[in-house]
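Step one of this worksheet: look at the structure below.
There are 2 protein chains.
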Amino acid sequence: MANIRDIAKHADVSVTTVSRVLNEHPYVSKEKRTRVHAAMKELGYLRNQQALTLSTGKTQRVVVILPYMDHPYYGLFVNGLAKAALEHDYRLVMWQTEYKLSEERQALDLLKHREVDGAIVLSHEMSFKEMETYRAYGPIAVATVGAPETISSIHVDHYASFVSGIHVLQEHGYEEIGIILSRSHSPSSLARQQAYFDEVAHAREQWIWTGYLTSEDGIRLAETFLSQKERPRALFFSSDYVALGFLGEMQRRNISIPEEVAMLGFDGHPISRAFGLSTMLSPNEQIGRQLFETTLAEMNGAIPEIHGMTVSYQAGMTL
Amino acid sequence: MANIRDIAKHADVSVTTVSRVLNEHPYVSKEKRTRVHAAMKELGYLRNQQALTLSTGKTQRVVVILPYMDHPYYGLFVNGLAKAALEHDYRLVMWQTEYKLSEERQALDLLKHREVDGAIVLSHEMSFKEMETYRAYGPIAVATVGAPETISSIHVDHYASFVSGIHVLQEHGYEEIGIILSRSHSPSSLARQQAYFDEVAHAREQWIWTGYLTSEDGIRLAETFLSQKERPRALFFSSDYVALGFLGEMQRRNISIPEEVAMLGFDGHPISRAFGLSTMLSPNEQIGRQLFETTLAEMNGAIPEIHGMTVSYQAGMTL
DNA sequence: GTATCTTCTGAAACGCGTTTCAGAGCAAGG
DNA sequence: CCTTGCTCTGAAACGCGTTTCAGAAGATAC
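Order-wise, the sequence lines are chains A and B.
Sequential numbering of the first sequence, starting at 1, is according to my numbering.
Sequential numbering of the second sequence, starting at 320, is according to my numbering.
In structure tokens, the structure reads:
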């Protein structure tokens, strides 16, 4: 395959001139420019991206780190990310961690080895302290709260969002509220618990269900919930998919929602609308887009940005 | 940042020796090996992946081309792909096309410009004829039927699968069957239509609904379906998400399923189980895994592989 | 004792595009 | 007429790791 030197020889110019033509540098005479173009066409020249990358030190890639690619929760983030990346002619390298710290480290090592220009972390096990050790090798943006000022953060303000969700429940007359969380030790779960205890007078430890992530978990939860003697009058989920699994299972058992228990989801995934799930709509696509854009800005010298987003109530029929 | 030559100087050996240490080549004396390791540690050496890539000509990346990253249908494929890629120390570059031919071309251009070693195409607008023009630059694997023998194909045999789905419906006593398709001109839709006409005695043109892709489309479909005078007794969907949207909307309208109309989905997405959707389970994660593995095999000289997979019935409560 | 291996080492070339630097030619400004 | 400035050009160095090739030293084979 022809390279820049072959073109130079064929067009009887220097490699510098060919490079200038490729980069549309103005200081090339019309005549040589056409000669170079002709040579490129004739030899079927294709610029070698790898060489360009080594030469410029810019990869035009960012790594996206997330636990599972097929979890619908991340789908909306990724969609926003993908659109923004494409617009700016960047490529997205996806790294699925399954919540393993070792995988996160490997993914961030791409930064160290100059395989990507930046990293976007949608969910992490790693401490911010450790994450900061990678910061010297490129910008990092996370979608979670609590980031230090060296790391950009575009996130849902889970505390404020949970507070507003609880207020929605209270406005509908529910006082005895339970909450469903994903992993118990994640920052978002902690913020949600805090909001729960701060805002719900009847808050109880045993009304916090932890470890529910998927729709199957939601199905399981129905059993667990119904077997409990003292039950809350409303459940506030932290994910629509868990809520939908629960809802489907309750329907199967012919248990009326919201009569038996009211439900409020969290995400606003399109499918929720079909089943009339009341939910808190989270601007995930927007967050994805902004995560990319802040990363890009940092690569061009901007300082890290911290931005908390809020959710809005989307009415359904489960309240 | 220290490079291989700095290390060489610091350890007082040649760059060749350093390279040999990096690659664990046996012919290096113990003594020099330790000296090199010490120098690398002292200077904090990090191998530059870009240089390695240029030098070896191998990128350790494949591009995955798909219309939407957040469509649940692709989630299972991508999960399988991601697992297989990680196991083999490959990176996945995701390219979202939104069904645009121009985006597909750009994505496949990565192959031409040596930015990736191979391409995996989950859905495409491009003709196989055009796709073959990229074949010279690296292996291509698709998840659709009809590929020429230069292109690997690991796909659901939509014809056979639709035939078996129709048989399931017929075994349940349904003869008047309608089908819901996504894009009308895709190869899978054509295969499904063919199966429909071949197997359903009461097949009717107006019982084929085309252009349904998302759960929202499923909601829309309910209205369209109910407004129709002569309706089939059963609907065979080509996607669980469309089916779920439809099912939710029917529930909202208090219309009994399967009494008013029976439903059979296609995919076997986890969430379907929660709502008792009867569906045809498709081995998408397995397909994703195999797509990667066949691509890898081709990079190592294997010949393209064509493999049709079949689906299995997963009982629910909508039949 | 000579021929043949095996082990170990490093200089130089390679992959390929970009950038720096020096210089030539020509026009405009004073 | 001289200075300054712009336009155009190419040689060489750079980014950095790998590979080829030639050769030295020591060990084994016959």
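The beta carbon of each residue, even a glycine, is placed where N, CA and C say it ideally should be.
Bear in mind the structure is a predicted one, so any value in this text is a computation, not a measurement.
Taken in chain order, the unbroken stretches of alpha helix (DSSP H) that lie wholly in the region 338 to 390 of chain B and span 4 residues or more are 349 to 362, 368 to 375.
In this chain, MET309 (chain A) is not harboured by any alpha helix (DSSP H); it is covered by the beta strand (DSSP E) spanning 306 to 309. Residue environment: ILE271 (chain A) is assigned as buried (16 or more neighbouring CB atoms within 10 Å of its CB, all protein chains considered). Straight through space, the alpha carbons of GLU31 (chain A) and THR463 (chain B) are spaced by roughly 48 Å. Going by DSSP, SER215 (chain A) is part of the alpha helix (DSSP H) stretching over 215 to 227. By the neighbour-count criterion, in which a residue is buried when 16 or more other Cβ atoms sit within 10 angstroms of its Cβ, ALA520 (chain B) is exposed. The C-beta distance from VAL382 (chain B) to VAL332 (chain B) rounds to 39 Å, too long to fall under 8 Å, and the pair is not in contact. Under DSSP, the beta-bridge partners assigned to TRP209 (chain A) are A:ILE180. Between the beta-carbon of ALA222 (chain A) and that of PHE246 (chain A) there is about 5 Å, and that keeps the pair under the 8 Å contact cut. Taking 4 residues as the minimum length, the alpha helix (DSSP H) runs contained wholly in the region 251 to 295 of chain A are 270 to 274, in order along the chain.
About 12 Å separates the CB atoms of ILE498 (chain B) and PHE544 (chain B); that is not less than 8 Å, and the two are not in contact. In the structure shown, the three-state DSSP call for MET126 (chain A) is coil. Counted as a single uninterrupted DSSP element, the beta strand (DSSP E) harbouring VAL461 (chain B) occupies residues 459 to 461. In this structure, the beta-carbon distance from VAL28 (chain A) to VAL21 (chain A) falls below 8 Å.
Between the alpha carbons of ARG114 (chain A) and THR133 (chain A) lies a distance of about 15 Å. When DSSP states are grouped into helix, strand and coil, HIS474 (chain B) belongs to the strand group.
Proximity of chain B to ALA82 (chain A) at the Cβ level (cut-off 7 Å) is accounted for by MET388, MET413, GLN415, in chain order. Restricting attention to A:GLN206, A:TYR159, A:PHE128, the CA atom closest to the CA of LYS229 (chain A) is found in A:GLN206.
Beta-bridge partners of ALA510 (chain B) (DSSP): none assigned.
Identification of chain B residues near ALA143 (chain A) by a Cβ-Cβ cut-off of 8 Å yields none; the smallest Cβ-Cβ distance measures about 15 Å. Using beta-carbon distances, ILE606 (chain B) does not count as an interface residue toward chain A, since no partner is under 8 Å. Between TYR387 (chain B) and GLN415 (chain B), the CB-CB gap stays under 8 Å. Under the 10 Å beta carbon count, ASN619 (chain B) is surrounded by fewer than 16 other beta carbons and is classified as exposed.
ARG33 (chain A) and SER374 (chain B) have their C-alpha atoms roughly 30 Å apart. Taking one beta carbon from each stretch, the region 476 to 494 of chain B and the region 508 to 515 of chain B have 3 or more pairs nearer than 8 Å; the two touch. By a beta-carbon distance limit of 8 Å, SER557 (chain B) does not contact SER503 (chain B). Their separation comes to about 11 Å.
A direct Cα-Cα distance of roughly 8 Å separates ILE166 (chain A) from TYR196 (chain A). Annotation for LEU429 (chain B): the continuous alpha helix (DSSP H) segment containing it runs 420 to 431.
If you draw a straight line from the Cα of GLU417 (chain B) to the Cα of GLY75 (chain A), it comes to about 14 Å.
Chain-order list of chain A residues neighbouring ASN398 (chain B): TYR68, MET69, ASP70, GLN96, by C-beta distance under 8 Å. Per DSSP, the beta bridge partners of GLN314 (chain A) are A:THR279.
The Cβ atoms of ALA321 (chain B) and TYR364 (chain B) sit closer than 8 Å to each other.
Where ALA330 (chain B) is concerned, the enclosing alpha helix (DSSP H) starts and stops at 323 to 330. Shown in chain order are the members of the region 208 to 220 of chain A whose Cβ falls below 7 Å from a Cβ of chain B: THR214, SER215, GLU216, GLY218, ILE219.
Around ALA141 (chain A), the same chain offers ILE120, SER152, LEU291, THR294, THR295 as residues with beta carbons nearer than 6 Å, after the five sequence neighbours per side are excluded. GLU104 (chain A) and TYR493 (chain B) have their C-alpha atoms roughly 51 Å apart.
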